[in-house]
Ligand SMILES: NC(=O)c1ccc[n+]([C@@H]2O[C@H](COP(=O)([O-])OP(=O)(O)OC[C@H]3O[C@@H](n4cnc5c(N)ncnc54)[C@H](O)[C@@H]3O)[C@@H](O)[C@H]2O)c1
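Next comes the structure, spelled out in structure tokens:
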């Protein structure tokens, strides 16, 4: 397949000019400095290395934490953000072996995205594991699935791990509103069009997919939900969405969003079924929800556009071709392109930071295994957020 590149020069992402209108990170910083809970605490942090991570790192460092960061997904890493985080005195590692490099610094607390850092820690022979590690936390659905798989296999977690994803704030604010709003923002930026009256298919009706469906409908989209779980399909039906067959709805889809956290949910038969001009994006954690290997093998030609969008040409019959657009090579598009309002992500990063503060004070009292994020942490995060909103 031939690939042309247009508009190669992509700008690095910028924070909003009037960030001061939502001073949540200042409030977090004040709180951490006042309590001193993270003073001198070494934190291993596996995360998206973005401008919003930088803001959080500033608050954590002001609160006395020593940070060691590893790269969660190279596609979401912002080089300017990395340089600024390093200027704070934090160590930032990129590349596949970055979690191992973080562990070599003997962190006391691990805070994870996708349970990658903690998994590397667990994979080390017991004699070589850093003894410093007291506890960890995990923020993603996909990471928590790994924790549960371990338990199902009869293995025990040799440390307490707080499940931030199961908290009310992560599910309702970040997963639901944050991602949904980000998808709408991204589609407007890319197409410049109104979304009213366009046919949309959302795959996966967990908190993330439900939020995407809600926000797309708010913009006038005609949304069809696809989910393999009948419980989620029933909920979608009662939320007022149609729940038709996937292949059938793809035939008329203008926009397709995957939010399942599963691999290759869109494959050959889907690429073949979809209508000409359809835009695909993934917002699930793993980059391979869309089977792009397969799309590459079907396509005769592809062209790169701005906003990390690639157009593929697929033969339909002997004479004609159809166009299919894929955003951010299947990586979580709202994170790669930093779209959507900043509040949900900053609120979630605040909860993650306050969870570290909680663990620094309480890790020794917690039993090993999974713990639900304490409600007091969510209440504190909400209080600071409401203050920042001026509410
Ligand atoms: N992009 C972001 O900013 C962001 C933010 C939070 C979470 N996430 C990620 O989004 C993903 C979804 O999160 P969630 O909390 O909604 O997860 P969830 O597990 O609650 O929901 C996923 C849904 O997908 C359904 N599903 C699984 N396979 C399917 C298939 N082949 N076709 C259709 N449906 C299928 C499941 O039945 C389930 O209802 C996870 O990978 C999570 O880590 C992304």
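Residue numbers (my numbering): 3 to 393.
Every residue gets a Cβ at the ideal spot worked out from N, C-alpha and C, and that includes glycine.
- Task: Drop a sphere of 10 angstroms on the beta-carbon of residue 240, count the other beta-carbons inside from all chains shown, and report buried for 16 or more, exposed for fewer.
- Result: exposed
- Task: Would you list the residues sitting across from residue 213 in a DSSP beta bridge?
- Result: Partner(s): none; residue 213 has no beta bridge.
- Message: To test your reading of the DSSP string, which unbroken alpha helix (DSSP H) runs of 4 or more residues are found completely within the region 238 to 302?
- Response: 248 to 252, 270 to 275, 294 to 300
- Query: On the three-state DSSP scale, how would you describe residue 43?
  - Reply: Reduced to three states, the DSSP call for residue 43 is coil.
- Item | Where residue 7 sits in the DSSP three-state scheme | Below a pLDDT of 50, predicted positions are generally treated as unreliable, and residue 7, at 47, falls in that range; no measurement from the model is reported.
- Message: With a threshold of 8 Å between beta carbons, is residue 346 in contact with chain D?
- Response: In the structure shown, chain D does not exist; there is a single protein chain.
- Under 7 Å from any heavy atom of ligand 1, does the C-beta of residue 176 make it? yes
- Query: Going by beta carbon distance, what residues of the same chain come within less than 8 Å of residue 66, once the five residues before and after it are set aside?
  - Reply: Closer than 8 Å at Cβ, skipping near neighbours: 34, 35, 38, 40, 41, 42, 43.
- Query: Heavy atom of ligand 1 less than 7 Å from the Cβ of residue 205, yes or no?
  - Reply: yes
- Item | Best match in 233, 46, 299 for proximity to residue 107 [C-alpha to C-alpha] | Nearest in C-alpha terms to residue 107, of all of 233, 46, 299, is 46.
- Between the region 170 to 181 and the region 222 to 237, do three or more beta carbon pairs fall short of 8 Å? no
- DSSP state of residue 12, grouped into three classes? Below a pLDDT of 50, predicted positions are generally treated as unreliable, and residue 12, at 33, falls in that range; no measurement from the model is reported.
- Task: Closer than 6 Å by C-beta to residue 110: which residues in its own chain qualify, once you throw out the five before and the five after it? Chain order, please.
- Result: Correct list, in chain order: 43, 44, 134, 136.
- Query: Going along the chain, which residues of its own chain have a beta-carbon closer than 7 Å to the beta-carbon of residue 160, five neighbours each way excluded?
  - Reply: Answer for residue 160: 370, listed in chain order.
- Flag residue 228 as yes when its Cβ comes closer than 7 Å to any non-hydrogen atom of ligand 1, and as no otherwise. yes
- Could you give the residue range of the beta strand (DSSP E) that holds residue 329? For residue 329, the uninterrupted beta strand (DSSP E) run begins and ends at 323 to 329, by DSSP.
- Task: With hydrogens ignored, establish whether the beta-carbon of residue 264 is closer than 7 Å to any heavy atom of ligand 1.
- Result: Because some heavy atom of ligand 1 lies under 7 Å away, the Cβ of residue 264 counts as near it: yes.
- Distance, Cα to Cα, residue 167 vs residue 317? 42 Å
- Task: Using 7 Å as the cut-off, classify the Cβ of residue 234 as near or not near the heavy atoms of ligand 1, replying yes or no.
- Result: yes
- Should the region 246 to 253 be regarded as contacting the region 301 to 319, the criterion being three or more beta carbon pairs within less than 8 Å? no
- Identify, in the order they occur along the chain, each residue of the same chain with its Cβ nearer than 7 Å to the Cβ of residue 383, setting aside the five sequence neighbours on each side. 171, 349, 352, 353, 356
- Taking C-alpha atoms, which residue in 253, 292, 156 lies nearest to residue 278? 253
- Status (buried if at least 16 other CB within 10 Å, exposed otherwise) for residue 156: exposed
- Message: On a Cα-Cα basis, can you pick out the residue from 21, 263, 280, 313 that is closest to residue 301?
- Response: Among 21, 263, 280, 313, the Cα nearest to that of residue 301 belongs to 313.
- Please state if the CB of residue 204 and the CB of residue 194 are separated by a distance shorter than 8 Å. no
- Can you tell me the Cα-Cα spacing of residue 342 and residue 303, whole angstroms? Taking the straight line from one Cα to the other gives about 31 Å.
- Item | At least three beta-carbon pairs within less than 8 Å, the region 78 to 89 to the region 118 to 133 | no
- Message: Short of 6 Å in beta carbon distance, which residues of its chain neighbour residue 281, apart from the five on each side in sequence? Order them along the chain.
- Response: 257, 327
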